[in-house]
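Just below is one structure, and these are the notes that go with it.
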Amino acid sequence: MLILGIETSCDETGLALYDSEQGLLAHCLHSQIDLHQEHGGVVPELASRDHVRRITPLFNEVLSAANRQRADISAIAYTAGPGLIGALLVGASFARSLAFALDIPALPIHHMEAHLLAPMLEEQAPTFPFVALLVSGGHTQLVRVDGIGEYELMGESVDDAAGEAFDKTAKMLGLDYPGGPALAKLAVDGNPDRFRFPRPMTNRPGCDFSFSGLKTHSLTTFRKTDGNDQDKRDVARAFEDAVVDTLLIKCRRALDATQLKQLVIAGGVSANHSLRQRFADYSQQSSVEVYFPRNEFCTDNGAMIAYAGFRRFELNPNASNGTDVRPRWPLSELSVA
Ligand code: KG4
Ligand code: ZN
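Now the structure itself:
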């Protein structure tokens, strides 16, 4: 079967075609970075309008890249939440209209479920059960994953998500949106020994996170410096090291508690080079295997939605839905079918 995946939850329009026999055939992405950059962050109304503009051309593009016709599509998977309501509605309306016209099912997909399944698109794929660290712009969660729809939340951020903290700290250092990658670039040439930031909540039991204090810590540290370029690099480095270290400490805790030996890391922040390096080193020194999506599938994309759609369709071909999108949608509310 051939699944079309559609992602429009935030500032990326992503479409992909996944074949149950051949795997991922093609994926296309339009990023709205240029559109939102002058506003310093995502403007929801502009995001929705841009999804409307891009979705049909991208649909045609992904079909021709995969050398397939509309009539070849067997089901359509779309992000139904969590995300920006207007942006979600564009993908949902497009998916549901097309599915109606082609007389095929439309499957609503949970964006974070798709993120956590993304490493399964790789050759080196994890197998259930595993621990997943989800680190995106809106979520930081540690989840025990026993199968599709079998998710036990072990911990989450009590305030800012990791990506959000990256973005806010970057803004404070005067960097352009999207801040995460820009801050990471600065941190490469930062001195790791100049500042040492706290590792929040690591002295308390459990797997919850808190990142808003690190953002404030970055600001107060930066204000005490001259504010030159090297100061920015050093603060960025201290911030990034603290986030990555904290994530690692909590992941080890979750792995210890579950006795599981596989760790999946997904979501936008999993594209962070320093994080990938740190966890790869940890994997080498321990008996834990760490799995990442390829870089372009860490951030939002259509491929993960198509893949999640395929896995959901396998479980329940009749999961075609009502009309709602869910801007807020806890992962823990998902079930097997
Ligand atoms: O998963 P994603 O594309 O969208 C959401 O579902 O939120 O994640 C976006 C987040 C943003 O906060 C962005 O700054 C962060 O991921 N991000 C990074 C990097 N690439 C993206 N953060 C740190 N280092 C990166 N290289
Ligand atoms: Zn995402």
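The opening residue of the sequence shown carries number 13 in our numbering; numbering runs sequentially from there. Just so you know, even glycine gets a beta-carbon here, dropped at the ideal spot from N, CA and C.
Give the residues whose C-beta lies closer than 5 Å to at least one heavy atom of the ligand KG4, in chain order. SER148, GLY149, GLY150, GLY175, PHE178, ASP179, PRO190, GLY192, PRO193, ALA196, GLY279, GLY280, VAL281, ALA283, ASN284, THR311 and ASP312
In whole angstroms, give me the CA-to-CA distance for ALA130 and GLU50. To locate residue 130, count along the sequence shown from 1; it is residue 118. To locate residue 50, count along the sequence shown from 1; it is residue 38. Cα to Cα, ALA130 sits roughly 31 Å from GLU50.
- Message: At a threshold of 8 Å, does HIS123 count as lining the ligand ZN (C-beta to nearest heavy atom)?
- Response: Within the sequence shown, the letter at position 111 stands for residue 123. HIS123: yes, Cβ under 8 Å from the ligand ZN.
Between which two residues does the beta strand (DSSP E) holding THR9 run? In the structure as shown, the chain begins at 13 and stops at 349. Residue 9 is therefore absent and cannot be evaluated.
**Study point:** Backbone secondary structure at VAL302 - three-state DSSP
**Key:** On the sequence shown, position 290 is the one that residue 302 refers to. If DSSP states are grouped into helix, strand and coil, VAL302 belongs with the strands.
| Given 8 Å as the limit, is there contact between the stretch 156-174 and the stretch 219-235, that is, 3 or more CB pairs closer than that? | yes
*What three-state label does DSSP hand GLN34 in the structure shown?*
Locating residue 34 in the sequence shown gives position 22, counting from the first residue. In this structure, GLN34 counts as coil in the three-state DSSP scheme.
- Item | Reduced DSSP category for MET124 - H, G, I as helix; E, B as strand; rest coil | Position 112 of the sequence shown, counted from the start, is the residue given in the question as residue 124. The answer is helix: DSSP assigns MET124 an H, G or I state.
| task | Return the first residue and the last residue of the alpha helix (DSSP H) that GLY98 is part of. | result | Here residue 98 corresponds to residue number 86 of the sequence shown, with the count starting at 1. GLY98 -> alpha helix (DSSP H) spans 97-114.
Does the stretch 104-115 come within contact of the stretch 239-246, defined as at least 3 CB pairs closer than 8 Å?
no
| task | Determine, using beta carbons only, whether TYR90 and LEU119 come nearer to each other than 9 Å. | result | Residue 90 sits at position 78 when you count from the first residue of the sequence shown. Residue 119 sits at position 107 when you count from the first residue of the sequence shown. Contact: yes.
DSSP-derived helix/strand/coil call for CYS40: Counting from one through the sequence shown, the residue named residue 40 turns up at place 28. Three-state DSSP puts CYS40 in a strand.
| request: Jot down the residue ranges of each uninterrupted beta strand (DSSP E) in the stretch 229-280, minimum 3 residues, whole runs only, in chain order. | output: 274-278
Going by beta-carbon coordinates alone, are ALA99 and ALA59 separated by less than 9 Å? Taking the sequence shown and counting its residues from 1, the one referred to as residue 99 is at position 87. Taking the sequence shown and counting its residues from 1, the one referred to as residue 59 is at position 47. Cβ atoms of ALA99 and ALA59: closer than 9 Å.
CB of TYR303 within 9 Å of CB of ILE261, strictly:
The residue you call residue 303 lines up with position 291 of the sequence shown. The residue you call residue 261 lines up with position 249 of the sequence shown. No, these two residues do not count as a Cβ contact at 9 Å.
key: Any non-hydrogen atom of the ligand ZN within 8 Å of HIS42 CB   = Working through the sequence shown from its first residue, we reach residue 42 at position 30. No, Cβ of HIS42 sits at least 8 Å from all heavy atoms of the ligand ZN.
Original post:
Taking Cβ positions, are ALA177 and ARG208 nearer each other than 9 Å?
Top reply: On the sequence shown, residue 177 is found 165 positions in, with the first residue counted as 1. On the sequence shown, residue 208 is found 196 positions in, with the first residue counted as 1. No, these two residues do not count as a Cβ contact at 9 Å.
*Where the beta strand (DSSP E) through TYR90 begins and ends*: For the purposes of this step, residue 90 is taken as residue 78 along the sequence shown, with counting starting at 1. Run containing TYR90: 87-93, per the beta strand (DSSP E) assignment.
Q | Opening and closing residue of the alpha helix (DSSP H) in which GLU73 lies | A | Position 61 of the sequence shown, counted from the start, is the residue given in the question as residue 73. Run containing GLU73: 56-78, per the alpha helix (DSSP H) assignment.
With a Cβ-Cβ cutoff of 9 Å, do VAL54 and ASP23 count as a contact? What you label residue 54 is simply residue 42 of the sequence shown in a count that begins at 1. What you label residue 23 is simply residue 11 of the sequence shown in a count that begins at 1. Against a cut-off of 9 Å, the Cβ pair of ASP23 and VAL54 comes out as a contact.
**OP:** Determine, using beta carbons only, whether ILE317 comes closer than 9 Å to chain C.
**Re:** Absent from the structure: chain C. Only one protein chain is present.
Q) The alpha helix (DSSP H) spanning PHE309 covers which residue range? A) As a first step, residue 309 must be located in the sequence shown, where it is residue number 297. Careful: PHE309 lies outside any alpha helix (DSSP H) and carries neither H nor E.
- Query: Three-state secondary structure (DSSP) at ALA292?
  - Reply: Counted from its first residue, the sequence shown places residue 292 at position 280. DSSP places ALA292 in helix when its eight states are reduced to three.
Cβ of ALA292 within 9 Å of Cβ of THR311?
By 1-based counting over the sequence shown, the position of residue 292 is 280. By 1-based counting over the sequence shown, the position of residue 311 is 299. No, they are not a contact pair.
Report task. Sort TYR319, ARG245 and MET316 by Cα distance to THR181 and report the nearest one. Result -> The residue labelled residue 181 in the question sits at position 169 within the sequence shown. Answer by Cα proximity: ARG245.
Proximity to LEU287 [Cα-Cα], best of ASP31, ILE15 and VAL200 | Residue numbering aside, residue 287 sits at position 275 when the sequence shown is read from its first letter. Of the listed residues, the one whose Cα sits closest to LEU287 is VAL200.
Compute the minimum distance between the beta carbon of HIS127 and the heavy atoms of the ligand ZN, and state whether it is under 8 Å.
As a working note, residue 127 is residue 115 in the sequence shown. Yes, Cβ of HIS127 sits closer than 8 Å to a heavy atom of the ligand ZN.
State buried or exposed for THR139, treating a residue as buried only when at least 16 other CB atoms are found within 10 Å of its CB. Translated into the one-based positions of the sequence shown, residue 139 becomes position 127. Counting Cβ neighbours within 10 Å, THR139 comes out exposed, since fewer than 16 surround it.
Those residues which DSSP pairs with GLN153 across a bridge = What you label residue 153 is simply residue 141 of the sequence shown in a count that begins at 1. GLN153 pairs with LEU146 and GLU168.
- prompt: Ordered along the chain, which non-local residues of its own chain (more than five positions away) have a Cβ less than 6 Å from that of LEU185?
  reply: In the sequence shown, residue 185 corresponds to position 173, counting from 1. Excluding sequence neighbours, LEU185 sits near LYS244.
- Query: Under the rule that 16 or more other beta-carbon atoms within 10 Å means buried, what is ALA320, buried or exposed?
  - Reply: For the purposes of this step, residue 320 is taken as the residue at position 308 of the sequence shown. Buried, because 16 or more other Cβ atoms sit within 10 Å of the Cβ of ALA320.
* Cα-Cα, which of SER344, SER299, ARG338 and VAL281 is closest to VAL147? -> In the sequence shown, counting from the first residue as 1, residue 147 sits at position 135. Ranking the options by Cα distance to VAL147, first place goes to VAL281.
Leaving out five residues before and five after ASP257 in sequence, what residues of the same chain have Cβ atoms less than 7 Å from its Cβ? Position 245 of the sequence shown holds residue 257. Only ARG211 meet the Cβ criterion.
Exercise. Answer yes or no: do ILE45 and GLY103 have a C-beta to C-beta separation smaller than 9 Å?
Key: Sequence index remark: in the sequence shown, residue 45 carries index 33 (1-based). Sequence index remark: in the sequence shown, residue 103 carries index 91 (1-based). Taking 9 Å as the Cβ cut-off, ILE45 and GLY103 do not qualify as a contacting pair.
### Cβ neighbour criterion (16 or more within 10 Å) applied to ALA174
Your numbering for residue 174 matches position 162 in the sequence shown. When all chains shown are included, ALA174 counts as buried.
- Query: Are the Cβ atoms of SER83 and LEU37 separated by less than 9 Å?
  - Reply: Position 71 of the sequence shown, counting from 1, holds the residue named residue 83. Position 25 of the sequence shown, counting from 1, holds the residue named residue 37. Looking at the sequence provided, one finds Ala at residue 83 rather than Ser. In this structure, LEU37 does not lie closer than 9 Å to ALA83 by Cβ.
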